[in-house]
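Residues 529 to 771 in this note's numbering are what the sequence shown lists, from first letter to last. Quick reminder that beta carbons are idealized off the backbone N, C-alpha and C, glycines included. All of these numbers come straight from a predicted model, not from anything done at the bench.
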Amino acid sequence: MISDPLLSIILPCYNEEGNLDTLITAIRQSLDPQQIAYEIVITDDCSRDNSWKLLKELAAADPRIRVQRFEKNAGQSAALWAGMKAARGRYLTTLDADMQNDPCDLPKFLAALEKFDCVCGSRVESRAKGDNKIRVISSRIANRVRNALSGETISDSGCCFRAFKRECITDLKFFKGMHRFMPTLIKMEGFSVTEIPISTNPRFAGKTNYGVWNRLFSSFYDLLAVRWMKKRMFRFKIAERVN
Ligand code: UDP
Ligand code: MG
Numbered sequence: 529m530i531s532d533p534l535l536s537i538i539l540p541c542y543n544e545e546g547n548l549d550t551l552i553t554a555i556r557q558s559l560d561p562q563q564i565a566y567e568i569v570i571t572d573d574c575s576r577d578n579s580w581k582l583l584k585e586l587a588a589a590d591p592r593i594r595v596q597r598f599e600k601n602a603g604q605s606a607a608l609w610a611g612m613k614a615a616r617g618r619y620l621t622t623l624d625a626d627m628q629n630d631p632c633d634l635p636k637f638l639a640a641l642e643k644f645d646c647v648c649g650s651r652v653e654s655r656a657k658g659d660n661k662i663r664v665i666s667s668r669i670a671n672r673v674r675n676a677l678s679g680e681t682i683s684d685s686g687c688c689f690r691a692f693k694r695e696c697i698t699d700l701k702f703f704k705g706m707h708r709f710m711p712t713l714i715k716m717e718g719f720s721v722t723e724i725p726i727s728t729n730p731r732f733a734g735k736t737n738y739g740v741w742n743r744l745f746s747s748f749y750d751l752l753a754v755r756w757m758k759k760r761m762f763r764f765k766i767a768e769r770v771n
């Protein structure tokens, strides 16, 4: 275990046995030349395949890899949150474990973090390479609706490839589905947020956990909550203070 990592790579994992070796190799290839101290924190969301056994083997072979397993399947946001809580880096990065987000983009995130508190990946330009037409179109519509109703301008709020300073999440309240609203929630905390274009690969192995309906409907409900939160948030500045 690295005692004081600069960067924590946080991955949610549900039935990703076919992706884990490739993913860890790709992260090493991308980050080792950067010569920074990093850790990889993987939360197994109670996979039903061999993922947990593989994760324990990976962790036994490399002290930079830290793994934990949920007792029951709790969903992607919960796995991300548990990873963020366990992470010890000054900078945190989240990405999917299926190689759709490509670890070769990690250095670009680190460079952008020098100017911004939070950097979000956008798949708008690359998405057609890794996802089918229905997903590309439904995501475009979802982003438009989300932006219109929450007064947001993020082009790809569903993309979980992000990097941020750890203080960005200190005061966040997490809820199921919140991974789609992190840029907005972090902005609401007063941090600077930017987007960078990233690559999108087809899923390397295994299968997606979402269909069009569960992606869009549950996230519409969450959108109303975020819209409400944004409307009702405190907006004040202390003008003067004595003692
Ligand atoms: N995931 C998870 N718990 C779940 C569903 C998904 O931890 O209940 C993880 C999954 O292993 C992957 C990421 O969340 O690392 C994104 O999932 P998926 O690829 O299915 O989503 P999509 O890319 O299709 O939106
Ligand atoms: Mg995926």
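CB-CB length for residue i against residue j, believed under 8 Å
{"i": "residue 544", "j": "residue 626", "result": "6 Å"}
{"i": "residue 621", "j": "residue 637", "result": "6 Å"}
{"i": "residue 597", "j": "residue 536", "result": "The Cβ separation is near 18 Å, so there is no contact."}
{"i": "residue 539", "j": "residue 611", "result": "7 Å"}
{"i": "residue 710", "j": "residue 731", "result": "That belief does not hold up - the Cβ atoms of residue 710 and residue 731 are roughly 22 Å apart, past 8 Å."}
{"i": "residue 634", "j": "residue 559", "result": "6 Å"}
{"i": "residue 630", "j": "residue 746", "result": "Contact flag wrong, Cβ pair sits at about 27 Å."}
{"i": "residue 619", "j": "residue 693", "result": "6 Å"}
{"i": "residue 593", "j": "residue 587", "result": "5 Å"}
{"i": "residue 632", "j": "residue 554", "result": "7 Å"}
{"i": "residue 812", "j": "residue 729", "result": "Only positions 529 to 771 of the chain appear in the structure, and residue 812 is not among them; the question remains open."}
{"i": "residue 744", "j": "residue 674", "result": "Not quite, the Cβ-Cβ distance comes to about 10 Å (not below 8 Å), so this is no contact."}
{"i": "residue 688", "j": "residue 624", "result": "6 Å"}
heavy atom of the ligand MG below 8 Å from residue i C-beta
{"i": "residue 651", "result": "no"}
{"i": "residue 731", "result": "yes"}
Delimiting residues of the alpha helix (DSSP H) encompassing residue i
{"i": "residue 670", "result": "661–678"}
{"i": "residue 581", "result": "579–589"}
{"i": "residue 621", "result": "Segment 619–622 is the beta strand (DSSP E) holding residue 621; no alpha helix (DSSP H) there."}
{"i": "residue 600", "result": "Here residue 600 belongs to no alpha helix (DSSP H), and DSSP marks it neither H nor E."}
{"i": "residue 754", "result": "740–760"}
{"i": "residue 649", "result": "Careful: residue 649 lies outside any alpha helix (DSSP H), inside the beta strand (DSSP E) at 646–650."}
{"i": "residue 658", "result": "655–658"}
{"i": "residue 549", "result": "548–559"}
{"i": "residue 765", "result": "First-last for residue 765: undefined, no H or E at that position."}
{"i": "residue 640", "result": "634–640"}
Residue i, enclosing beta strand (DSSP E) - first and last residue
{"i": "residue 722", "result": "721–725"}
{"i": "residue 571", "result": "566–572"}
{"i": "residue 575", "result": "Unbroken run through residue 575: none, as it is neither H nor E."}
{"i": "residue 537", "result": "535–541"}
{"i": "residue 692", "result": "690–693"}
*asked:* Which residues end up in the neighbourhood of the ligand MN when you take C-beta atoms closer than 6 Å to any of its heavy atoms?
replied: This structure lacks the ligand MN; its bound ligands are the ligand UDP and the ligand MG.
*When the Cβ atoms of the stretch 571–590 are set against those of the stretch 759–768, are three or more pairs found closer than 8 Å?*
no
*asked:* Could you check whether the stretch 600–613 touches the stretch 645–655, counting it as contact only if at least three pairs of C-beta atoms, one from each stretch, sit closer than 8 Å?
replied: no
*asked:* Pairs of beta-carbons, one from the stretch 683–691 and one from the stretch 721–736, closer than 8 Å: are there three or more?
replied: yes
*Are the stretch 732–740 and the stretch 750–764 touching, with three or more C-beta to C-beta distances below 8 Å?*
no
*How about the stretch 652–660 and the stretch 580–588: do they share at least three Cβ pairs that are nearer than 8 Å?*
no
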